[in-house]
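S.K.: In the working numbering, the protein residues as written are 1 to 497.
Don't be surprised by glycine CBs; every beta carbon is placed ideally from N, CA and C.
All values derive from a computational prediction rather than experimental measurement.
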């Protein structure tokens, strides 16, 4: 569309949120509320985007510029109504502002708004050559909304607010969404003619309807089928309701695109997640941020992944992960914790009760269970024994451990970084590795086992442990079979006898 300007209103305080965070910055579906609106606005490819900021603009302004670097910020020092806000926007554009074309005014707290809806609205406005167009909707319960009053030709005569509506007008189901389109030349003239002669002392943008009608200009309304796209969130309860609806729409769309979602009611997928066909998502799963999942991967149940990359055919079960990469056909979990910087290679395994951080685990390498892997490099095909700790922190700085290819480490090992274990090397169970292990060598840190006879009798006299030891010693001397005091001669417990 030629010469399209979009103004996004984001100056209100949002006091009903009861939050130190500005209302339009509250997150929903992985973006801020205004982030969703700006994404919809960008879809219509406007020549100019102006955001009107006011309350907490030190928060809102940088966030808008992060999302839309070339957006113009207009400051509304005092919230004197929507008409005043739009006037601030047009003044902020200065000589670069539009003198012709279309100006759309949208609200910053309508996160379900879609770009294609704005596009259809703008096209109808221009095709009808209207001075003002209103994006309207038909609702079952219009209470609290401004009603659209049409004449016999279908043109809009007025917008009547709830408090000013007659009983007949209150029966009208078509409501004003607050999203408006204007002929730029008309808007520039009308903004100077809006007054604040009302009980709030504010400048209402909707007064432009009366101004246009008095000038004999056309005013119309474009009725949106999906009226929820225009719903705003004024408090946290409304935000949660919109969040559930947004998630339902996202999940439904992914199912239509070829993703299997076993239980949509317990599955949450944020707006920037990308899923391939034939991904399977099991119940209780949350896919957040910019997570990407390749085809044939299975995620869940009870898994949360944020900004993760999951390869084709991988399996991630009961896992919490953030900023991690899982290779093709790899397996993770259950009960694994993938911290930022984790990279698991093709066909690799991170198993039960394993925590990883800032580590690369090579193709086919395995960390099966009960281990912590931090600041490490594990070579292809290596197996890390159960209960292994990569001791990466000396109290001052972090250090790395390197384990070579096809190494085999024993259970209950501690690798005291910095240390290197060579290709094909091994470590015995219970070993504390403080020095490098050459390729093909076996590291053993413990000496020969010693048994201190009679230690329990001398150090733990009178305990159940000592009694059991004494009974066993007596039985070994007499050759009699030991009997558990709680078990009868027939092998059954006394409670069963």
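Can you find the residues in the same chain that come closer than 7 Å, C-beta to C-beta, to residue 300, ignoring five residues on each side of it along the sequence?
M.R.: Excluding positions up to five away in sequence, the list reads 281, 282, 283, 284, 285, 317.
S.K.: Is it a yes or a no for the segment 237-255 touching the segment 27-37, going by three-plus beta-carbon pairs under 8 Å?
M.R.: They touch, by the three-pair rule.
S.K.: Which residues bound the beta strand (DSSP E) around residue 136?
M.R.: 132-138
S.K.: If you drop the 5 nearest sequence neighbours on each side, which residues of the same chain put their C-beta closer than 6 Å to that of residue 221?
M.R.: 134, 136, 148, 156
S.K.: What runs of the beta strand (DSSP E), each 3 residues or longer, lie entirely inside the segment 79-119?
M.R.: For the segment 79-119, the continuous beta strand (DSSP E) assignments of 3+ residues that do not extend past its boundaries occur at 102-107, in sequence order.
S.K.: Classify residue 449 as buried or exposed, calling it buried when 16 or more other Cβ atoms lie within 10 Å of its own Cβ.
M.R.: Exposure of residue 449 is indicated by the presence of fewer than 16 other C-beta atoms within 10 angstroms of its C-beta.
S.K.: Check residue 369 in the structure and name its three-state DSSP category.
M.R.: strand
S.K.: Whole angstroms are fine: how far does the CA of residue 10 sit from the CA of residue 34?
M.R.: 8 Å
S.K.: Let me make sure I understand the geometry here. Which of 443, 107, 56 has the alpha-carbon closest to that of residue 39?
M.R.: 107
S.K.: Hey, out of 227, 181, 224, whose CA is closest to residue 209's CA?
M.R.: 181
S.K.: Residues in the same chain with beta-carbon distance under 7 Å from residue 491, minus the five sequence neighbours each way, listed in chain order, please.
M.R.: Here residue 491 scores only 47 on pLDDT, less than 50, and its place in the model should not be relied on; the value that follows carries that caveat. Sequence-distant Cβ neighbours of residue 491 in its own chain, meaning closer than 7 Å and more than five residues away, do not exist here.
S.K.: Residues bridged to residue 349 by DSSP?
M.R.: 331, 366
S.K.: With which residues is residue 183 paired in a DSSP beta bridge?
M.R.: 102
S.K.: Output yes or no for whether 9 Å exceeds the beta carbon distance between residue 158 and residue 193.
M.R.: no
S.K.: Out of 467, 406, 455, 461, which one is the CA nearest neighbour of residue 441?
M.R.: 406
S.K.: Rounding to the nearest angstrom, what Cα-Cα distance links residue 426 and residue 404 in this structure?
M.R.: 10 Å
S.K.: Among the residues of its own chain, which have a CB less than 6 Å from the CB of residue 56, if the five just before and after it don't count?
M.R.: 22
S.K.: Just to confirm my understanding: we take residue 126, look at its own chain, exclude 5 residues before and 5 after, and list those with CB closer than 8 Å. What are they?
M.R.: 1, 102
S.K.: Is residue 244 helix, strand or coil by DSSP?
M.R.: helix
S.K.: By DSSP, does residue 494 sit in helix, in strand, or in coil?
M.R.: With a pLDDT of only 44 at residue 494, under the threshold of 50, the placement of this residue in the model should not be trusted; the figure read from the coordinates follows. The answer is coil: DSSP assigns residue 494 none of H, G, I, E or B.
S.K.: Enumerate in chain order the residues of its own chain whose CB-to-CB distance from residue 13 is below 6 Å, with the five nearest sequence positions on each side excluded.
M.R.: 55
S.K.: Tell me whether residue 478 sits in a helix, a strand or coil according to DSSP, three-state version.
M.R.: helix
S.K.: Around the C-beta of residue 477, are 16 or more other C-beta atoms found within 10 angstroms, so that it is buried, or is it exposed?
M.R.: exposed
S.K.: For the segment 165-238, which segments carrying the alpha helix (DSSP H) assignment without a break, of at least 4 residues, lie completely within its bounds, in sequence order?
M.R.: 167-170, 184-191, 207-214
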